[in-house]
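In my numbering, the protein residues as written are 831 to 1227.
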């Protein structure tokens, strides 16, 4: 592609170097690059999945600009233009969350890029604000969540301007849709799968960390680890795997990180200390080893084998994105349809929960009414009269 080697918003050239040259000898590096570029040329998602998990991932941003759009299911033409033309988004109605977007964008680019001038950082923040606002205005049903800007800034640094909104739109509607509902309950349901994964591998460790709820994984899983990973090369490489694999794969990555920290975690017994430790991502992780181990963990214990998988909505991105090729072929409208189904399920679940609370709060009255009707129905037979006298307080008579 004509734009694959262009600089993005004046980003330093060293951004392109993610350390791959240090990890490979040159012939091996050349073979790896050739395989990835060939898979991109053929738009072969299966091969890209394999290559994304292999050592070094996609190796450079130049290659990522070819691979990521394929994995997300959209095309960019030779000039770098997104194939589906679009009208200006600036004239669209404001999204309800734009004030929060501004607050978060002001706190962006904390760890990288590290060599930008204040003026360059301001330009990136303005571009990030525009990117997020465009996506939200074009898909106003989506709810912004804190940490979304961390994901978007990675796309801003990797992709050319003309591909960013398409990439983030499809990611939002088809991959991370569960986090953009008006309730966090679907996201919390995801977290219940982590203990299931750990139990399948290491029941003792699972029992140990079960002293605290799995909310410690929320920040990493909803932001695709972008909130806590501090090195640009690391997060770009991790995104290679997360975009190439199923949406549920991020939970396996987190579980594998927990397994790597087994000895450290057994040093803590207090639930508060366990939560604190688990919510802080180690910065010295061997990501290639973690990703490779997570992929093998996934193969040995697929989502369908996990106890809480049946509790996940059929409209959840974990299930509608279970096959990356099918997910890449889905439209934004399909994502919206799944969103609406999940929203209806949330409304129904809330009503059911409220009804159960009301019934529990009024259980004595309800029981009295049920027994009273029973007594009338059975013409006050002795057994119902005795039951009523035993169960209904005297002040009801």
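Virtual Cβ for every residue (Gly too), placed ideally from N, Cα, C. As the structure is a prediction and not an experimental result, all values here were calculated from the model.
Opening and closing residue of the alpha helix (DSSP H) in which residue i lies
{"i": "residue 1068", "result": "1062 to 1074"}
{"i": "residue 877", "result": "875 to 883"}
{"i": "residue 1050", "result": "1048 to 1052"}
{"i": "residue 1038", "result": "1033 to 1039"}
{"i": "residue 898", "result": "891 to 902"}
{"i": "residue 1155", "result": "1154 to 1159"}
{"i": "residue 1043", "result": "From DSSP, residue 1043 is part of no alpha helix (DSSP H); its letter is neither H nor E."}
{"i": "residue 859", "result": "856 to 872"}
{"i": "residue 935", "result": "928 to 935"}
{"i": "residue 1147", "result": "1147 to 1150"}
Cβ neighbour criterion (16 or more within 10 Å) applied to residue i
{"i": "residue 871", "result": "exposed"}
{"i": "residue 970", "result": "exposed"}
{"i": "residue 896", "result": "buried"}
{"i": "residue 845", "result": "With a pLDDT of 45 at residue 845, under the threshold of 50, the modelled position of that residue is not reliable, and the figure given next carries that caveat. Under this definition residue 845 is a buried residue."}
{"i": "residue 921", "result": "exposed"}
{"i": "residue 1096", "result": "exposed"}
{"i": "residue 1112", "result": "exposed"}
{"i": "residue 914", "result": "Model confidence at residue 914 stands at a pLDDT of 48, short of 50, so the residue's coordinates are unreliable; what they give is reported in the following sentence. Label assigned to residue 914: exposed."}
{"i": "residue 1114", "result": "exposed"}
{"i": "residue 1150", "result": "buried"}
{"i": "residue 1177", "result": "exposed"}
{"i": "residue 1133", "result": "buried"}
{"i": "residue 1075", "result": "buried"}
{"i": "residue 891", "result": "buried"}
{"i": "residue 1093", "result": "exposed"}
{"i": "residue 1000", "result": "buried"}
{"i": "residue 923", "result": "exposed"}
{"i": "residue 1125", "result": "buried"}
{"i": "residue 1100", "result": "exposed"}
{"i": "residue 947", "result": "exposed"}
{"i": "residue 1060", "result": "exposed"}
{"i": "residue 1127", "result": "buried"}
Cutoff 6 Å; reference residue i; Cβ partners in own chain excluding five residues on either side
{"i": "residue 1148", "result": "1077, 1078 and 1142"}
{"i": "residue 1179", "result": "none"}
{"i": "residue 998", "result": "965, 982 and 985"}
{"i": "residue 1160", "result": "1004"}
{"i": "residue 1158", "result": "903"}
{"i": "residue 1182", "result": "none"}
{"i": "residue 1139", "result": "1133"}
{"i": "residue 925", "result": "966, 967 and 970"}
Close-in-space but distant-in-sequence residues of the same chain around residue i (CB under 7 Å, 5 per side omitted)
{"i": "residue 869", "result": "877, 878 and 881"}
{"i": "residue 1007", "result": "1147, 1165, 1168 and 1169"}
{"i": "residue 873", "result": "900"}
{"i": "residue 1044", "result": "1021, 1022, 1024 and 1025"}
{"i": "residue 959", "result": "931, 932 and 935"}
{"i": "residue 1058", "result": "1049, 1050 and 1111"}
{"i": "residue 938", "result": "955, 958, 979 and 983"}
{"i": "residue 994", "result": "961, 985 and 986"}
{"i": "residue 1013", "result": "1176"}
{"i": "residue 865", "result": "881"}
Beta-carbon proximity check, residue i vs residue j, cutoff 7 Å
{"i": "residue 1011", "j": "residue 1172", "result": "yes"}
{"i": "residue 1002", "j": "residue 961", "result": "no"}
{"i": "residue 1136", "j": "residue 1023", "result": "yes"}
{"i": "residue 1042", "j": "residue 1098", "result": "no"}
{"i": "residue 1117", "j": "residue 1064", "result": "yes"}
{"i": "residue 1109", "j": "residue 1046", "result": "yes"}
{"i": "residue 980", "j": "residue 1056", "result": "yes"}
{"i": "residue 955", "j": "residue 940", "result": "no"}
{"i": "residue 1069", "j": "residue 984", "result": "yes"}
{"i": "residue 898", "j": "residue 1073", "result": "yes"}
{"i": "residue 974", "j": "residue 927", "result": "yes"}
{"i": "residue 904", "j": "residue 1030", "result": "no"}
{"i": "residue 893", "j": "residue 1155", "result": "no"}
{"i": "residue 887", "j": "residue 1152", "result": "no"}
{"i": "residue 942", "j": "residue 1062", "result": "yes"}
{"i": "residue 1121", "j": "residue 906", "result": "no"}
Same chain only: Cβ atoms within 8 Å of residue i, ignoring 5 sequence neighbours per side
{"i": "residue 1051", "result": "1017, 1020, 1021, 1080, 1081 and 1084"}
{"i": "residue 1028", "result": "1035, 1036, 1039, 1085, 1088 and 1089"}
{"i": "residue 1175", "result": "1143 and 1145"}
{"i": "residue 976", "result": "930 and 934"}
{"i": "residue 1015", "result": "1176 and 1179"}
Proximity test, Cβ basis, 7 Å: residue i and chain D
{"i": "residue 963", "result": "Note that chain D does not occur in the displayed structure, where there is just one protein chain."}
heavy atom of the ligand ZN below 6 Å from residue i C-beta
{"i": "residue 867", "result": "For the ligand ZN, the structure offers nothing, since it holds no ligand at all."}
Identify every run of the beta strand (DSSP E) within the stretch 945 to 1030, keeping only runs that are complete inside it and at least 3 residues long; order them along the chain.
-> none
Any chance you could list the alpha helix (DSSP H) runs of at least 4 consecutive residues sitting entirely within the stretch 1078 to 1138, in chain order?
-> 1079 to 1090, 1092 to 1095, 1101 to 1109 and 1117 to 1130
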